[in-house]
Amino acid sequence: HMKDYDASERIGQLAILLLERFQSRKYISFVHCCVFGCIRGWNGHIKMSIEPLLSGYQIGMQTGDIQMAMFNAYLYLAGNFNSGQLHLAAFKKHLKVFGEQMVEYKQMVFHHLLRPIEQVVSNLLFSTGEPLLLIGRDKEQDTILDKAIQQNNSYFAIQMFIFGCVEAYIYGDYELAVNFVQKRHELERNTPRKCRFHGMTDFFDCLSFLAMAHQSSDQKWILSAKKSISNIDYFAKICPSNCEHKLLLLQAEIKSITGEAKEAISKYKLAISAAERNEFIHEQAIANERAAEFFLRYGDSSRAAHHYGEAQSLFLKWGAQRKVDDLLMSIAL
86 HMKDYDASER IGQLAILLLE RFQSRKYISF VHCCVFGCIR GWNGHIKMSI EPLLSGYQIG
146 MQTGDIQMAM FNAYLYLAGN FNSGQLHLAA FKKHLKVFGE QMVEYKQMVF HHLLRPIEQV
206 VSNLLFSTGE PLLLIGRDKE QDTILDKAIQ QNNSYFAIQM FIFGCVEAYI YGDYELAVNF
266 VQKRHELERN TPRKCRFHGM TDFFDCLSFL AMAHQSSDQK WILSAKKSIS NIDYFAKICP
326 SNCEHKLLLL QAEIKSITGE AKEAISKYKL AISAAERNEF IHEQAIANER AAEFFLRYGD
386 SSRAAHHYGE AQSLFLKWGA QRKVDDLLMS IAL
């Protein structure tokens, strides 16, 4: 609750130094989970924690600390998705391998936590010819979600709501996205810690509220967005490499809604270049798509076409073929 990220980073560094000093392999998995899963991503780029978490998993398996190994594996996978570091086809293979191991070693808590990520990745990867079933529009997923809430498994339900919001937002189902955010907020009232994923959760919350604000004059969406923006503003000060581009895109969207076109164009441009510099390919794609929609609203079809093209190219580079197909079908050019 103190939010002293510098102090937590210093304690984390001390823990790593003590591990090295005493060559204590049996504690590596636990320490890596705490330091690289919970602390380091607030003070440095998420991608810097990915390899140490994989190492925490491998050493945990070797030393017999299976539960901690699987916790590292889950954090490794979540970090990979949230930072967009892996092509989605390669990432899906990782999900399959770790998911099977979690079942084999009866680590079902972590296996369940992977389900929403698996669903989103499958829905982004490629079109099977089947209609797209988003988490909140899929009866089977709804049953799982209802069961989780009934059994008071709030952490799993919160994960479903977080990744469900990401998926719904990417596919333009904004009502579903904000519905997930609101349901999650209700559950979070009774949970000691919020699941922020180093700014990703607040980012998609805010994008969803702002998408609704574009469609409605109801001020509640702007007010809700401002709470999330203040969080992202704070995170961007602590760790620009994870959140600077997020903040710039949210500011661009606000300027777009308030009709400050010149300022909006500047912020979209800055958001796109910051996302590229920070290597968040999927969020660079989203920033381009938002810029394209902005130019389309202002009747500049040439610049809109440029940014839609960039968005498609970046989504494809990430591996999100189905999203590219969806974009091609829905572009109003």
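Using my numbering, read the sequence shown as starting at 86 and increasing by one per residue.
Beta carbons: idealized from backbone N, C-alpha and C, even for Gly.
Would you tell me roughly how many angstroms separate the C-alpha atoms of residue i and residue j, rounded to the nearest one?
i: residue 91; j: residue 200; result: 33 Å
i: residue 319; j: residue 331; result: 12 Å
i: residue 260; j: residue 147; result: 46 Å
i: residue 186; j: residue 317; result: 35 Å
i: residue 59; j: residue 167; result: It is not possible to answer for residue 59, since the shown part of the chain is limited to 86 through 418.
i: residue 249; j: residue 383; result: 31 Å
i: residue 238; j: residue 352; result: 40 Å
i: residue 394; j: residue 322; result: 32 Å
i: residue 377; j: residue 106; result: 53 Å
i: residue 282; j: residue 390; result: 32 Å
i: residue 174; j: residue 208; result: 12 Å
i: residue 257; j: residue 264; result: 13 Å
i: residue 202; j: residue 159; result: 10 Å
i: residue 163; j: residue 309; result: 26 Å
i: residue 101; j: residue 277; result: 27 Å
i: residue 154; j: residue 143; result: 7 Å
i: residue 356; j: residue 409; result: 21 Å
i: residue 426; j: residue 254; result: Because the chain here runs from 86 to 418, residue 426 falls outside it and cannot be looked at.
i: residue 358; j: residue 94; result: 28 Å
i: residue 288; j: residue 194; result: 26 Å
i: residue 486; j: residue 98; result: No answer is possible for residue 486: the residues shown for the chain start at 86 and end at 418.
i: residue 103; j: residue 285; result: 31 Å
i: residue 110; j: residue 96; result: 19 Å
i: residue 386; j: residue 275; result: 47 Å
i: residue 454; j: residue 346; result: Residue 454 is absent from the model: the chain starts at 86 and stops at 418.
i: residue 222; j: residue 234; result: 17 Å
i: residue 206; j: residue 219; result: 11 Å
i: residue 229; j: residue 188; result: 18 Å
i: residue 262; j: residue 406; result: 21 Å
i: residue 86; j: residue 311; result: Legend: pLDDT at residue 86 = 48, less than 50; position of this residue unreliable, no value from coordinates given.
i: residue 344; j: residue 362; result: 28 Å
i: residue 354; j: residue 145; result: 44 Å
i: residue 388; j: residue 108; result: 57 Å
i: residue 336; j: residue 398; result: 24 Å
Considering only the beta carbon of each residue, do residue i and residue j sit closer than 8 Å?
i: residue 404; j: residue 179; result: no
i: residue 149; j: residue 113; result: no
i: residue 368; j: residue 360; result: yes
i: residue 295; j: residue 252; result: no
i: residue 266; j: residue 293; result: yes
i: residue 210; j: residue 181; result: no
i: residue 400; j: residue 392; result: no
i: residue 117; j: residue 157; result: yes
i: residue 161; j: residue 135; result: yes
i: residue 307; j: residue 272; result: no
i: residue 132; j: residue 329; result: no
i: residue 342; j: residue 298; result: yes
i: residue 138; j: residue 115; result: no
i: residue 324; j: residue 127; result: yes
i: residue 246; j: residue 232; result: no
i: residue 326; j: residue 129; result: yes
i: residue 192; j: residue 236; result: no
Could you tell me how far apart the beta carbons of residue i and residue j are, in whole angstroms, since I believe they sit closer than 8 Å?
i: residue 290; j: residue 313; result: 5 Å
i: residue 241; j: residue 197; result: 5 Å
i: residue 419; j: residue 370; result: Any property of residue 419 remains undetermined from this structure, which presents the chain solely from 86 to 418.
i: residue 413; j: residue 396; result: Wrong, their Cβ atoms sit about 11 Å apart, outside the cutoff.
i: residue 366; j: residue 169; result: 5 Å
At least one CB of chain C closer than 8 Å to the CB of residue i: is that the case?
i: residue 170; result: Absent from the structure is chain C; it holds one protein chain and no more.
Scan the stretch 343 to 376 and note each continuous alpha helix (DSSP H) run of 4 residues or more that stays entirely inside, going in chain order. 346 to 362
Please give the ranges of any alpha helix (DSSP H) in the stretch 248 to 276, keeping only runs that are unbroken, at least 4 residues long and fully inside the region. 259 to 273
4 or more residues per run - each alpha helix (DSSP H) lying fully within the stretch 108 to 151: 113 to 119 and 132 to 148
Could you pull out every unbroken alpha helix (DSSP H) segment of at least 4 residues lying fully inside the stretch 161 to 225, listed in chain order? 173 to 189 and 193 to 210
Kindly provide the ranges of any alpha helix (DSSP H) runs that are 4 or more residues long and lie completely inside the stretch 278 to 326, ordered along the chain. 285 to 300 and 305 to 323
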